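1 is the number of the first residue of the sequence shown in the numbering used here; add one for each residue after it.
The C-beta atom is built at its ideal place from N, Cα and C for all residues, glycine as well.
Here the structure is a predicted model, which is why all the values come from computation and not from measurement.
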Amino acid sequence: MASSGSFPLTPSAPAAALRQQLHMDGFVIIRQILSTSELEPLRAAAARTTTLARAGNWPHIRTHLLHPDLPDAGVFAQSYFSDALLDIVKALLSSSPSEGGRGECKDDDLVMELYNMLVRPDAPFELRWHRDDVPWTATVEEEVRRLDAAEHAHAQWNLALCDGDASLVVVRGSHRRARTGAERTAEPYQAVLDQQNEGEQITVRLDAGDAVFYDNNIVHRGVYDCRQERLSLHGTVGHRAGSAARARNVLQHGVGEWVDRCDFTSCLDGDERIKERAERMRHRLVKLGRESGNVGFSLEG
Ligand SMILES: O=C(O)CCC(=O)C(=O)O
């Protein structure tokens with residue numbers, strides 16, 4: 001089994017190179033998105049939030065880090081709406097005419113979505129092999145149809161705040177093809193999914209400040225070591241050209257119950273541009289959600 005991505009990139013890599021790698025491999029590792037000074041407050045907030053959740057005082061930890069009642073929501077918002085992350089998101093959600101796409105992705109195309117934390121479990125734990133948006137039971141035809149129809153209108157990442165995050169296991173390139181026969185008949189928790197394709201099975205290794213952006217339809221699983229500290233931020237940001245169904249899905253994760261109480265103008269420090277960007281991304285989520293029907297929230301858009 002291979003142990004890391006082939007070509008880790010830096011935040012300054014050209015946008016087209018980032019997109020090309022995401023398209024080919026289904027994931028792209030970017031080293032040192034955050035500097036030590038950006039990392040420290042975030043890691044402290046993540047540690048406080050984890051303590052809160054482990055003590056049973058924060059029921060929403062799996063739901064959202066931007067929840068207005070979370071004491072450190074402002075610290076998490078500072079990272080979610082930062083240039084460091086969103087410059088990469090915009091690079092990944094852009095597509096040049098030769099790539100057949102939507103053109104350059106700008107701030108005003110971005111939609112707020114999910115922001116969760118992935119932490120060390122108290123006991124060894126594994127997630128089975130899966131694709132996020134295509135059921136494992138899909139036939140080959142259905143799998144091909146669903147993969148071809150995927151919108152690619154959101155970006156998704158894990159950003160490690162501690163060294164030694166090695167929980168995400170992916171099969172390189174599997175977001176572009178149906179499963180092999182061996183992959184279809186493998187056991188749900190099989191260590192090597194397909195012996196013939198073993199070289200393409202990658203354990204993504206991240207140190208503090210590194211991020212992996214990945215296609216959620218890549219064949220993947222989570223394998224967790226309860227002795228290894230893990231504080232990783234898992235985020236998604238949408239493109240407004242995406243279907244309203246996605247916004248509906250995000251809002252149905254519980255976000256619709258509190259998104260109207262967020263006020264990023266007061267919970268974010270400093271830069272007015274970032275505050276405005278955050279509020280506009282929040283409003284776009286609400287608007288898309290409204291257009292998709294009743295998602296159980298009431299707010300002035
Ligand atoms: O913990 C991880 O990095 C993987 C999580 C995962 O497989 C998922 O959220 O679908």
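Exclusion of the five residues before and after Leu127 leaves Arg221 and Gly222 as the residues of its chain whose Cβ lies within less than 7 Å of its Cβ. Bridge partners of Trp157 according to DSSP: Phe213 and Gly235. According to DSSP, residue pairing for Asp165 in a beta bridge involves Leu206.
About 10 Å separates the beta carbon of Asp207 from that of Ala166, a gap too long to meet the 8 Å contact definition. For Asn249, the Cβ stays outside the 7 Å cut-off from all heavy atoms of ligand 1. Between His64 and Ala55, the alpha-carbon positions lie close to 17 Å from each other. The closest heavy atom of ligand 1 lies 7 Å or more from the beta carbon of Asn57. Under the three-state reduction of DSSP output, Leu110 falls in the strand class. Distances from the alpha-carbon of Met281 to those of Ala44, Ala178 and Leu114 put Leu114 closest.
As computed with DSSP, Met117 is found in a beta bridge with Leu233.
Scanning His60, Arg176, Asp122 and Phe264 for the CA closest to the CA of Tyr214 turns up Arg176.
For the alpha helix (DSSP H) assignment, the uninterrupted runs of no fewer than 4 residues enclosed by the segment 51 to 96 are, from N- to C-terminal side, 73 to 80 and 83 to 93. One residue list follows from the rule of a beta carbon closer than 6 Å to any heavy atom of ligand 1, given in chain order as Leu118, Leu127, Asp132, Asn158, Ser167, Leu168, His220, Arg221 and Gly222.
Per the Cβ contact rule, the segment 27 to 47 is in contact with the segment 8 to 18 (3 or more Cβ pairs under 8 Å). The DSSP-derived three-state label of Gln21 is helix. In its chain, beyond the 5 residues on either side, Trp58 have a beta carbon closer than 7 Å to the beta carbon of Leu52. The shortest CA-to-CA distance from Gly270 to any of Asp109, Pro124, Arg172 and Val75 is the one to Val75.
Taking C-beta separations shorter than 6 Å and ignoring five residues to either side along the sequence, the partners of Ala241 in its chain run Arg102 and Ala153, following chain order.
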